[in-house]
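In what follows, a single structure is set out as structure tokens and then discussed.
Residue numbers (this note's numbering), protein chains in the order written: chain R, 3 to 234; chain U, 3 to 234; chain X, 3 to 234; chain G, 3 to 234.
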């Protein structure tokens, strides 16, 4: 039997960050970590409280959503993770939460406008909110179709998953991803903060304008790309 | 004298969860745990701070609201608990809090609209807000009548207490219940989260639509019923 | 020299509750405890961080605001405390904070409407907001006049300080009191909770009605008066 | 090599206050401490998590923004700090955060109105929000120009940096300063509290008036100037 300890450890550590960052109530969230060479990922077991988790409880699943190793049932959102890993070959981790402010924007079915540099440090566009799914998709292979809804949302807007690492699923809640599970968790916390500040911004000034293009470009390039100068 | 240790322990443990989950200020909440075979329940003593509680301080009360064992006076809401246990024969625990957001909806005298999947994971309908009670009910056996107000609210809307385990009492605050006191506490925390997100949703989009029926059905059935696949 | 240890200890313990209850930032609050027989009270020294306080640092002041014992300068709000102790002969403790939600209502110069039972458990009326003071009062003996503004606010509305133990000073912030300093601190936390829920209530339903009289009477009498049945 | 330990220690201690005061998510903030005699300041290294900081990791930079000592890259906002130290010769510390409420006002591009005494205890004017920068400034030496934007904002309004120690940069976030880095951190926390209370004030009363002049003067002079009587 192959050794999945590394991704189990990674998935475990990242799952444990969610309650610490205030992003989950009870078990309403999950993180997965991929092993590209083995074609599998480790994901939180379904409905198990965070304080009962341990690395060996992380379930190993392949990109078709089939459990490969582990005694527990994987997260009910597993097929969404599987589809995203299958189609987006450069991501290393995925996070799903029902964090308060990001979920409120998803329920309101609105993109989160880019109002400031905190947003621009991470993305150059409004955070997209995918429309609610069609009844056929919902009644069919629901979690699998949720993955397609996310992928199609980015496609429809000509967005690259390597540049925008977060999305809202309309009526539902946020998904984030990244090169590593740590980065995906980081993105979930950033999204929650952006979501809260955008709501407050509109409350303070209902006519608050979007960030000007020069600032969007500047701040994104401070943190990303060949001329970035943020971090070590 | 019969042994009430089990329900005292259960009521104690669940009461102690309320401050941990941020659902109570001072003593503004109470949990009870029932023993159906003995026809009694254990409930928090009135006005005793959570950090002074111990299992043996839980008061034993019968379904008419009469204290059966215990030296302390039971919660002032005891008669509401008693009536609900008497009429709803399959519930094992009841929780009452004045949690911030759920209480605000109760004070606003509005049902909480079902806006997203976090809500649909737990209920298929708007969280009902019972109308304020009539002056006769208030001046009469108030806490007893509060129980009837809750029961009648569900009856009027053709709701089953086994399917919807939470209600707002108009002008007052929420009550939740469940097969166990743990589940009733869980429901209180879920309700508070739903209440907060629903308010934020309306602030972000005053015209936010209710969740579509297909999604309501899908999410509820993921967690409940014969085809559920959430949890272990 | 008389022994002030008891009120110093009481004032110290109650002051230390303010940061624990989330009611103060830095040093923006103070509690005092009175000794009626000695005609003095103990109050927090001005501008000293809570984690540097100790009982012996509490300053002893008489009802004219004159320091009687202690090496530190008393709170800048001392004269307000002194005046209230002088005129309201049955109070044992006073609290002043700039707690977030109560201060926002004070800044908005609005009474806090009585919307629910959480409020009615403690008061039968809207929480009064005293109007901002006249320029003469401000330029004169400001903190002394603040005490008169509070006393006159209750007088103008025919309110009894033994029944309503909290007030907002317009443009400024809340003051609370009680038979003991512990009760005054309790009132500050209750006021902050009521203030937050009242704002949320209006956001959920801008036309939310005030609580009906029968419920106001019922809930207040559950906790207060000869027929009360809350607590032990 | 000169000894920078004192300012490194000061910068370290003040940086560590930011997460404790709830003013930063991840690494979204920085504090610097100046040594006027040496013409340098110590500043947080860029993108290093707070729990990995130590005094010796603080980078030493001169007033032209050139790194003088230290192995790590300094904060990406270093040039803004450098310019402010160069032009404002009496400040000892500078703080930049993306704290939630202050940033929301910056994104809304509005000054924070002076609504109450909490505000007046620290400033006599609305907290100024500098307009977003021109495209030329952004595309040029951005962080250097940010410093000029702040200096010009105060100049345009005839404000003295020794009297008003906080500003919002439109679309971006707050900067604060003070005679010491401790005071600058204190100002950041005060600003965040003022920003939250001002938003709540407008929600409670959209027509809430600004504080009257007599109260502004009185409260500011209680804490500042020759006749101040706050503190020890």
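Ideal placement from N, C-alpha and C gives every residue a C-beta, glycine not left out.
Pairwise C-beta distances place the segment 45-56 of chain R out of contact with the segment 103-114 of chain R, as fewer than three of them are shorter than 8 Å. Classified as exposed, residue 91/X has fewer than 16 neighbouring CB atoms from the shown chains inside 10 Å of its CB. As the crow flies, the alpha-carbon of residue 165/U is around 10 Å from that of residue 222/U. For residue 103/G against residue 201/G, the beta-carbon gap comes to about 6 Å, under 8 Å, which counts as contact.
For the segment 111-142 of chain X, residues whose beta-carbon sits nearer than 7 Å to a beta-carbon of chain U comprise 117, 118, 119 and 120. Here residue 158/G is exposed. Its C-beta has fewer than 16 other C-beta atoms within 10 Å.
Taking a C-beta cut-off of 7 Å against chain R, the contacting residues of the segment 206-229 of chain U are 206, 207, 210, 213, 214, 216, 217, 220 and 224, listed in chain order. Annotation for residue 227/U: no beta strand (DSSP E) segment contains it, and DSSP assigns it neither H nor E.
In the DSSP assignment, residue 16/X falls within the alpha helix (DSSP H) that extends over 7-22.
DSSP places residue 125/U outside both helix and strand once states are collapsed to three, so it counts as coil. Annotated three-state conformation of residue 206/G is helix, per DSSP. Taking a Cβ-Cβ threshold of 8 Å, the residues of chain U close to residue 28/R are 188, 191 and 192, in chain order.
Secondary structure of residue 4/X (DSSP, three-state): coil.
The C-beta distance from residue 198/X to residue 210/G rounds to 17 Å, too long to fall under 8 Å, and the pair is not in contact. Close partners of residue 199/R in chain G (Cβ separation under 9 Å): 100, 102, 103, 105, 106 and 109. Along the segment 42-67 of chain G, the positions whose C-beta sits under 9 Å from a C-beta of chain R are 47, 48, 49 and 50, read in chain order.
Sequence-distant partners of residue 11/R (beyond 5 residues in either direction) whose C-beta falls short of 7 Å from its own C-beta, in its chain, are 57. When DSSP states are grouped into helix, strand and coil, residue 107/U belongs to the helix group. Put simply, the backbone Cα of residue 78/R is about 12 Å away from that of residue 220/U.
Interface with chain R (8 Å Cβ-Cβ cutoff): residue 202/U is included. Non-local beta-carbon contacts of residue 52/R in its own chain, meaning distances under 8 Å to residues more than five positions away in sequence, involve 17, 18, 20, 21, 26 and 29 in chain order.
Excluding five sequence positions before and after residue 232/R, the CB atoms of its chain that fall closer than 7 Å to its own CB belong to 224 and 225, given in chain order.
Ranking 171/G, 173/G and 81/G by CA distance to the CA of residue 144/G puts 81/G first.
Judged by DSSP in its simplified three-state form, residue 189/U adopts helix. DSSP lists 98/R as the bridge partner or partners of residue 32/R. Shown here, residue 149/G sits in a helix according to DSSP, grouped into three states. Excluding residues up to 5 positions away in sequence, 30 and 175 lie with their Cβ nearer than 6 Å to the Cβ of residue 100/U in the same chain. DSSP places residue 140/G in the uninterrupted alpha helix (DSSP H) bounded by 137-141. Residue 233/R belongs to the set of residues whose beta carbon lies under 8 Å from a beta carbon in chain G. The beta carbon of residue 16/G sits no closer than 8 Å to any beta carbon of chain X.
Sequence-distant Cβ neighbours of residue 123/U in its own chain, meaning closer than 6 Å and more than five residues away, are 221 and 225. Close to chain G, meaning a Cβ-Cβ distance shorter than 7 Å, are the following residues of the segment 171-186 of chain X: 173, 174 and 175. Close to residue 78/G, with beta-carbon spacing below 7 Å, are these residues of chain R in chain order: 224, 231 and 232.
In the DSSP annotation of this structure, residue 82/X is not part of any beta strand (DSSP E); the continuous alpha helix (DSSP H) holding it starts and ends at 80-89. Not flagged as an interface residue toward chain R: residue 25/G, since no C-beta distance is shorter than 8 Å. DSSP lists 62/U as the beta-bridge partner residues of residue 71/U.
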